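Under my numbering, residue 507 is the last one in the sequence shown; the count climbs by one each step, no gaps.
Each residue gets a CB set at the ideal place from its N, CA and C atoms; glycine is no exception.
Every value quoted in this text rests on a predicted model; they were computed, and no experiment measured them.
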Amino acid sequence: MSSERKIKTALVSVYHKDGLDDILKKLHSNGVQFISTGGTRSFIESLGLPCQAVEDLTSYPSILGGRVKTLHPKIFGGILFRRDLLEDVKQTKAYDIPNIDLVIVDLYPFSETVASGAEEEEIIEKIDIGGISLIRAAAKNFKDVVIVASKKQYAPFLELLETKDAVSNIEDRKWFAKEAFAVSSGYDTAIFNYLDNYEGTAFRYAEDNAKHLRYGENPHQKGAFYGNFDGLFEQLHGREISYNNLLDIEASVSLIGEFEETTLAILKHNNACGIASRPTVKEAWIEALAGDPVSAYGGIVVTNRPIDAAAAEEINKIFFEIIIAPAYDEEALKILEVKKNRIILVQKDTLKGDKQFRSLLNGVLVQDKDLSIQTSSDLTLVTPRAISAQEEADLLFANKLVKHTKSNAIILVKNKQLCAGGTGQTSRVDALRQAIEKAASFNFDLNGAVMASDAFFPFPDCVEIAGKAGITAVVQPGGSINDKLSIEYCSRNNISMVVTGVRHFKH
């Protein structure tokens, strides 16, 4: 038997009707008959198209406040019967069950209702029963039936109609079935997580909008991104975004989101190699670049203020892959677009969500995002020497930065400028020595600078090394059984130390 199937009868039951009229008219022009109910039937008839009522077919009205409309053997039998199985065909004739070759359906807006803050009673009523059942039935029987399960599939279905009239083959139907099960699984995931109070008693996550990347972290690895990237960013210029670009973009906007005053950061491999807060973007760029002009080459630039021509002129002097800002002056864009592959992004929205997860061993590791931000009131002075206003500002700046730096991490800051960082070291002492050596290589004077550590000091060696390098104030979470050793050293050597009580490991 040929895999081609001519659509003769369509069951249509949709919540959203935008974009449906062209499909219905095209189907009608190919002799397809319609079965529908309620508002969808009225919509079809408003287009001047004939439509049989579900109630006339089943001899049952819509009951229970609309909860039961299509749940009937004449509907589901018409969808599920196997056209090449003689016994099924006999039964459909015996019980006067129609051949339903096409199902167009969408689901009640459950997630949107939850997001609106509606009461639970209203939310529960948006758990679709008839629609989800129709989707599963039609998708299961893709050997004979086409299922269009959401507005996102209108365009490819209309293309099929325009190129093949009302005829589909097995590859067409299997593709639509696959898309339908993606819809139903995502819908059920949203319902489960809501009823679970988002407590994670089981891990369920669904995301559409697959973007297949050129490759993964390395060219021999496949990679894909699932999510609405365009909801967060508008790409104005440049080449296709890669797997590693996405990692850097996420790190960049997470970091810059911590700062309220005009700030610019330069990142490389998810860590900041330069960052500064200054009155203008141009000044912030100059000071951020000074933090490590070598690593900045080929990096990612991110700022929380619009970029003007003056800033763009300076930034354009070196090669970098990506720039992210809330807006760009027209002249600034012309300057930055000189490099054809340079990715220029407008950040349209902040990151949402309070969970993060990664695949691990034979499962998934889930945790709350580190959204803790320390302020002046969270700094507890544990040494005799008080901190100055400038030191306090620098300590808070450094603490934000160390939170976004791979552990073990040490950050050295002076006048709201990153002097150097020790990143991803197996020893905190090594991280500090790396930072001090790096600061010296770029001619930073660390006298009067401050130090931030992502975790406590188990021994006083770090504060001793920092003090000898000119550091005058230290911020750390505290919590070591040997805290007093570091505190005593700082107290004896006129170094201020504040503790926050919040560790910021990042692995």
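Item to check | LEU102 - containing beta strand (DSSP E), residue span | outcome: Taking the sequence shown and counting its residues from 1, the one referred to as residue 102 is at position 102. Note, LEU102: beta strand (DSSP E), 102-105.
Item to check | Check whether TYR226 and ALA210 have beta carbons under 7 Å apart | outcome: Here the question's residue 226 lines up with position 226 in the sequence shown. Here the question's residue 210 lines up with position 210 in the sequence shown. Yes, the pair counts as a contact, with Cβ atoms nearer than the cut-off.
Checklist entry - In chain order, what residues of the same chain lie with their CB nearer than 7 Å to the CB of GLU240, ignoring the 5 residues before and after it? => result The residue given as residue 240 occupies position 240 in the sequence shown. Counting only Cβ-Cβ distances below 7 Å, and skipping sequence neighbours, we find ARG214.
Checklist entry - Below 7 Å between beta carbons: does that hold for ILE343 and ILE322? => result By one-based count along the sequence shown, residue 343 stands at place 343. By one-based count along the sequence shown, residue 322 stands at place 322. Note that the C-beta distance between ILE343 and ILE322 is below 7 Å.
Next on the checklist: So, for PHE320: in the same chain, excluding its five sequence neighbours on each side, which residues have a beta-carbon less than 6 Å away from its beta-carbon?
Outcome noted: What you label residue 320 is simply residue 320 of the sequence shown in a count that begins at 1. Result list for PHE320: GLY299, VAL301, in chain order.
Checklist entry - Quick one: complete beta strand (DSSP E) runs, 3+ long, within the segment 332-385? => result The qualifying runs are 343-347, 355-360, 363-368.
Item to check | Local Cβ density within 10 Å of GLU287, reported as buried at 16 or more and exposed below that | outcome: Here the question's residue 287 lines up with position 287 in the sequence shown. By the neighbour-count rule (16 or more Cβ atoms within 10 Å), GLU287 is buried.
Item to check | 4-residue-minimum alpha helix (DSSP H) runs that sit fully inside the segment 397-467, ordered along the chain | outcome: 428-441
Checklist entry - Do GLU314 and LYS282 have their C-beta atoms closer together than 7 Å? => result For the purposes of this step, residue 314 is taken as residue 314 along the sequence shown, with counting starting at 1. For the purposes of this step, residue 282 is taken as residue 282 along the sequence shown, with counting starting at 1. A contact, by the Cβ cut-off of 7 Å.
Item to check | Distance between GLU120 and SER372 (C-alpha atoms, nearest Å) | outcome: Within the sequence shown, numbered from 1, the residue matching residue 372 stands at position 372. Within the sequence shown, numbered from 1, the residue matching residue 120 stands at position 120. Approximately 30 Å, taken between the alpha carbons.
Checklist entry - Exposed or buried, PHE34, counting other C-beta atoms within 10 Å across all chains shown (16 or more means buried)? => result Locating residue 34 in the sequence shown gives position 34, where the first residue counts as 1. In the assembly as shown, PHE34 is a buried residue. Its beta-carbon has 16 or more other beta-carbons within 10 Å.
Checklist entry - Candidates PRO384, GLU159, VAL146, LYS400: which alpha carbon is nearest SER376's? => result By one-based count along the sequence shown, residue 376 stands at place 376. It is LYS400 whose Cα lies nearest to the Cα of SER376.
Next on the checklist: ASP248 and LEU264 - do their beta-carbons sit closer together than 7 Å?
Outcome noted: Position 264 of the sequence shown holds residue 264. Position 248 of the sequence shown holds residue 248. Not a contact, by the Cβ cut-off of 7 Å.
Checklist entry - Taking VAL167 as the reference, which of ALA137, GLU179, VAL145 has the closest Cα? => result By one-based count along the sequence shown, residue 167 stands at place 167. Answer by Cα proximity: VAL145.
Item to check | Backbone CA spacing between LEU289 and VAL502 [nearest angstrom] | outcome: On the sequence shown, residue 289 is found 289 positions in, with the first residue counted as 1. On the sequence shown, residue 502 is found 502 positions in, with the first residue counted as 1. Cα-Cα distance, rounded: 30 Å.
Checklist entry - Buried or exposed: where does THR350 fall if 16 or more other Cβ atoms within 10 Å of its Cβ makes it buried? => result Taking the first residue of the sequence shown as position 1, residue 350 is located at position 350. That one is exposed.
Checklist entry - Which term fits ASN362, buried or exposed, when burial requires 16 or more other beta carbons within 10 angstroms of its beta carbon? => result Your numbering for residue 362 matches position 362 in the sequence shown. Classification of ASN362: exposed, given that the 10 Å Cβ count is below 16.
Checklist entry - So is ASP172 buried or exposed if we call it buried at 16+ other beta carbons inside 10 Å? => result Numbered from 1 along the sequence shown, position 172 holds the residue referred to as residue 172. Under the 10 Å beta carbon count, ASP172 is surrounded by 16 or more other beta carbons and is classified as buried.
Next on the checklist: Between which two residues does the alpha helix (DSSP H) holding LEU80 run?
Outcome noted: Taking the first residue of the sequence shown as 1, we reach residue 80 at position 80. Counting along the chain, the alpha helix (DSSP H) containing LEU80 begins and ends at 73-80.
Checklist entry - Can you give the beta carbon distance from PHE187 to PHE110, rounded, assuming they're within the 8 Å contact cut? => result Your numbering for residue 187 matches position 187 in the sequence shown. Your numbering for residue 110 matches position 110 in the sequence shown. Looking at the sequence itself, residue 187 is Tyr, so the reference to Phe does not match. The Cβ separation is near 7 Å, so the contact holds.
Next on the checklist: By the three-class DSSP mapping on this structure, what secondary structure does THR92 have?
Outcome noted: As a first step, residue 92 is located in the sequence shown; it is residue number 92 there, counting from the start. If DSSP states are grouped into helix, strand and coil, THR92 belongs with the helices.
Checklist entry - What are the boundary residues of the beta strand (DSSP E) that HIS212 is part of? => result The residue you call residue 212 lines up with position 212 of the sequence shown. Element bounds for HIS212: 210-212.
Next on the checklist: Under DSSP, the beta strand (DSSP E) around SER496 begins and ends at which residues?
Outcome noted: As a working note, residue 496 is residue 496 in the sequence shown. First-last of the beta strand (DSSP E) with SER496: 496-499.
Next on the checklist: Within a Cβ cutoff of 6 Å, which residues of the same chain sit near HIS237, ignoring the five residues on either side of it in sequence?
Outcome noted: The residue you call residue 237 lines up with position 237 of the sequence shown. These residues qualify, in order along the chain: GLU337, ILE344.
Checklist entry - Apart from the five residues just before and just after TYR194, which ones in its own chain have a Cβ nearer than 6 Å to its Cβ? => result As a working note, residue 194 is residue 194 in the sequence shown. Taken in chain order, the residues that qualify are VAL114.
Next on the checklist: DSSP three-state label for VAL475, please.
Outcome noted: The count along the sequence shown starts at 1 and reaches residue 475 at position 475. Strand at VAL475.
Checklist entry - Do SER496 and ASP454 have their C-beta atoms within less than 7 Å of each other? => result Numbered from its first residue, the sequence shown carries residue 496 at position 496. Numbered from its first residue, the sequence shown carries residue 454 at position 454. The answer is no: Cβ separation not under 7 Å.
Checklist entry - By how many angstroms is the C-alpha of VAL402 removed from the C-alpha of ASN493? => result Counting from 1 along the sequence shown, the entry for residue 493 is found at position 493. Counting from 1 along the sequence shown, the entry for residue 402 is found at position 402. One C-alpha to the other measures close to 24 Å.
Next on the checklist: For a quick check, are the C-beta atoms of VAL429 and MET451 less than 7 Å apart?
Outcome noted: Here residue 429 corresponds to residue number 429 of the sequence shown, with the count starting at 1. Here residue 451 corresponds to residue number 451 of the sequence shown, with the count starting at 1. Not in contact: VAL429 and MET451 (Cβ atoms no closer than 7 Å).
Checklist entry - Going by the CB atoms, is the gap between GLN374 and THR500 shorter than 7 Å? => result The count along the sequence shown starts at 1 and reaches residue 500 at position 500. The count along the sequence shown starts at 1 and reaches residue 374 at position 374. In this structure, THR500 sits near GLN374, with a CB-CB distance shorter than 7 Å.
Next on the checklist: In this structure, how does DSSP classify SER3 when only helix, strand and coil are distinguished?
Outcome noted: Here the question's residue 3 lines up with position 3 in the sequence shown. Looking at SER3 - three-state DSSP - the assignment turns out to be coil, as it is neither helix nor strand.
Checklist entry - Should PRO477 be labelled buried (16 or more other beta-carbon atoms within 10 Å of its own) or exposed? => result Here residue 477 refers to the residue found at position 477 when the sequence shown is read from its first residue. By the 10 Å Cβ count, PRO477 comes out buried.
Item to check | Close-in-space but distant-in-sequence residues of the same chain around ALA469 (CB under 7 Å, 5 per side omitted) | outcome: For the purposes of this step, residue 469 is taken as residue 469 along the sequence shown, with counting starting at 1. Contacts found: ILE436, LEU446.
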